Each structure stands twice: as structure tokens, then as C-alpha cells.
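Asks:
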Amino acid sequence: EQGQRQDRLKNAIEHLGHKSESVRLGGAYELFHLAKDTNELRQTVLDILCAHIRQTTGESKYREEHKSKSSEEVQSLLTLLFVQKHEVFKCLRIDLQGSHLNGANLQGARLESLRGAVLNEASLQWAFLCGARLQGAFICDANLQGTNLVEARLEGGFLDNSNLQGSYLLGAHLQGVTLNGADLRGVQFRESRGSTFAESMRNLIGTETEFSHMIFEGGLSQEDVDSLFEGMSYEKANELRNELSYHIGKPSSYQLPEDSGAIIGSYTKEEAEQWIAEYKKAMPEVSEDNS
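Residue numbers (the numbering used here): 190 to 480.
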């Protein structure tokens, strides 16, 4: 039986490297079902598929052809791994560091390591990014409404013009983050998510932005900063190091910088209903995966 599993693993990996997109996707589904059948292979399979996404989106040709939207292959993999309602990869290590995921639909996704990732114009409403490592990530013009960013590490990231209405940022690290034009209306540190995106957004209608438990400046040691750069390119690590040096050894500040350019306050019922309608319209096809 173990030999059969190894054969399945080998064949699936070979298919993942095929020149045909349909064969590659077939290999990905083979790996998924192998992980579903074999608990001890789940982390291995997830590592292989995350590496495939990183490698695919890291190619210059891919980035040129998919500047504003992920390819169908990459979107299918993201939906399979992180959006579908299954427990196959629950609580496992996820590493999409440096991935190019512009325009990806990740509504309701569960994600972890996205340091230096490019997620401009991505749909991340209702996503679970609790404790996620997003240092230096580009998440501009993206939708993060109702997203759980509790204790997320966003140091040196870019959130310009992104929508974070009704998101949760208790203990989030926002040192060096650019927020010009970011909509933070209704952002909270108290968890009041409903059982659905719609319920959660309606719960916070008329609620003012609350920043008291989010770190905007200071609170970093040299060791903290040095630990952020594992796996990053030299150029990216050096850029982030320079950005965060100001915050080393300074006391933590929970005040939004006056020159942040962020939008704060509350949102209306009409706005909430519009966002709910947009969320439902854009929701990717997901299943309970009963196959």
C-alpha cells in the first residue's frame, strides 16, 4: 500500500511538470486526493502545490501575461487549496511567499505565509489571515472587507487604496505600512464576525474605526526585523530593512499617523448592502468536495 502511495505521488508530480495546463491541473487534483486519503502526506502535498504556485507565478513570462489577473490554472489551484470547504489542509503550514497573485479571487480563503507576495486588486473579503506573515506584501487596490487580520504581520507592506471596511486587526503589526487611500471605516479590534460575510458587514454598520490595539510605529527589536527576511531576495530584504529601521527600539504607538492618507469613520447600510451584493456576485464556485 505504501508503494502504491509513492507511485501515485511520483506520477502526480510528473503530471504537475507537464507542458499541458490540463495535465498539470490533473496532477494537482491527483495530489489533492492523495492528501485526502493519506494524512501523513498532507503537508508534503501542500508544500509541493505551494511551490508549484510560487514557481509558476515567479516566471517573468507569467508576470507579463497576468499583470492584473491570475491565470485559470493558478486560480483553480488557489480555489482548490484555500477556498473550498474541506479540512484536508487545515492547520498546516502554507507558504506562498513572493507569489504573484494580482487579481486573484481568494474570498474566504485561509492563508498564512505571503511575505513579499503581490496581491494587487485581489479579492480577499472574509479571508482568514489571522497571524499571517505579509511583510512587504503588495496588497493595493484590493478588497479585504470583513477579513480576519488578527495579529497579522504587515510590516513594510503596501495597502494603498485597498478596502478594509469591517476587517479585524487586533494586535496587527502595521509598522511602515503605506495606507494612502486605504478605506478603514468600521475596522475593529473586537471580534464580531457573524456566521456569514453579509452578517458580519451588517453587524458593523455605523461603527467607527477603532485602532487602540494595532501597532503603527515602534515595538520592533533588531532580532524581530532580522527574522523577517528568510527566503526573501537580497534587494527586497534590504528595502524592507531600511523601511523598518526607524521602528527599532522605539516604544509601540497605537495611533494612526496623521499623514497616513487613510479613510476612517463608519459606513452606511446602503454601502454594506452594495458590498454584500458584490461579494456574492464574485464568489468563486466552491464545493464541500464530496468527490
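All C-beta atoms, glycine included, are put in the ideal place defined by N, C-alpha and C.
Since the model is a prediction, treat every value here as computed from it, not as a measurement.
According to DSSP, which residues form a beta bridge with residue 188?
Replies: Only positions 190 to 480 of the chain appear in this structure, which leaves residue 188 out of reach.
Asks: Give the secondary structure of residue 442 by DSSP, where H, G and I count as helix, E and B as strand, and everything else as coil.
Replies: Strand, per DSSP.
Asks: Note down the Cα distance separating residue 461 from residue 198, rounded to an integer number of angstroms.
Replies: For residue 461 and residue 198, the distance between alpha carbons rounds to 46 Å.
Asks: By DSSP, does residue 208 sit in helix, in strand, or in coil?
Replies: Coil.
Asks: Excluding five sequence neighbours on each side, which residues of the same chain lie with their C-beta closer than 8 Å to the C-beta of residue 232?
Replies: So the qualifying residues of the chain are 281, 282.
Asks: For the alpha helix (DSSP H) containing residue 264, list its first residue and its last residue.
Replies: From DSSP, the alpha helix (DSSP H) with residue 264 extends over 261-267.
Asks: Skipping 5 residues on each side, what residues in its chain have a beta carbon closer than 6 Å to that of residue 200?
Replies: Cβ neighbours of residue 200 beyond the five flanking positions: none.
Asks: Please state whether DSSP places residue 374 in a helix, a strand or coil.
Replies: It is coil, neither helix nor strand.
Asks: Just the Cα atoms here: how many angstroms apart are residue 248 and residue 239?
Replies: Using only the alpha carbons, I get a separation of about 15 Å.
Asks: Counting pairs of beta carbons, one from the stretch 426-442 and one from the stretch 386-393, are three or more of them closer than 8 Å?
Replies: Cβ pair count under 8 Å is below three, so no.
Asks: Compare the Cα-Cα distances from residue 276 to each of 311, 228, 291 and report the closest residue.
Replies: That would be 228, whose Cα lies nearest to the Cα of residue 276.
Asks: Which same chain residues, not among the five before or five after residue 331, have their C-beta less than 7 Å away from its C-beta?
Replies: Around residue 331: 308, 309, 310, 311, 313, 351.
Asks: Quick one: any contact between the stretch 362-371 and the stretch 331-350, if contact means 3 or more CB pairs under 8 Å?
Replies: The stretch 362-371 vs the stretch 331-350: in contact.
Asks: What did DSSP end up calling residue 312 once you bin it into helix, strand or coil?
Replies: Note: residue 312 maps to strand in three-state DSSP.
Asks: Cβ of residue 324 within 8 Å of Cβ of residue 356?
Replies: No, the pair does not count as a contact, with Cβ atoms beyond the cut-off.
Asks: Can you tell me whether residue 423 is buried or exposed? The criterion is at least 16 other CB atoms within 10 Å of its CB, across all chains shown.
Replies: The residue is exposed, with fewer than 16 neighbouring Cβ atoms inside 10 Å.
Asks: Could you spell out where the alpha helix (DSSP H) holding residue 391 opens and where it closes?
Replies: Run containing residue 391: 386-392, per the alpha helix (DSSP H) assignment.
Asks: Below 8 Å on the Cβ atoms is my contact criterion, and I expect residue 267 with residue 286 to pass it. Report the Cβ-Cβ distance as a whole number of Å.
Replies: 15 Å between Cβ atoms; not a contact.
Asks: From the DSSP output, read off the bridge partner residues of residue 367.
Replies: Beta-bridge pairing links residue 367 to 347.
Asks: In terms of DSSP beta bridges, what is residue 342 paired with?
Replies: Answer is 322, 362.
Asks: What residue range is occupied by the uninterrupted alpha helix (DSSP H) comprising residue 251?
Replies: It spans 249-254 - the alpha helix (DSSP H) in which residue 251 sits, taken as one unbroken run.
Asks: For the alpha helix (DSSP H) holding residue 463, just list the boundary residues, first then last.
Replies: It spans 458-471 - the alpha helix (DSSP H) in which residue 463 sits, taken as one unbroken run.
Asks: With distances taken between CB atoms, is the gap from residue 337 to residue 318 smaller than 8 Å?
Replies: A contact, by the Cβ cut-off of 8 Å.
Asks: From residue 259 to residue 321, what does the alpha carbon distance come to, in whole angstroms?
Replies: Straight-line Cα distance between these residues: approximately 21 Å.
Asks: Do the CB positions of residue 316 and residue 290 come within less than 8 Å of each other?
Replies: No. Outside cutoff.
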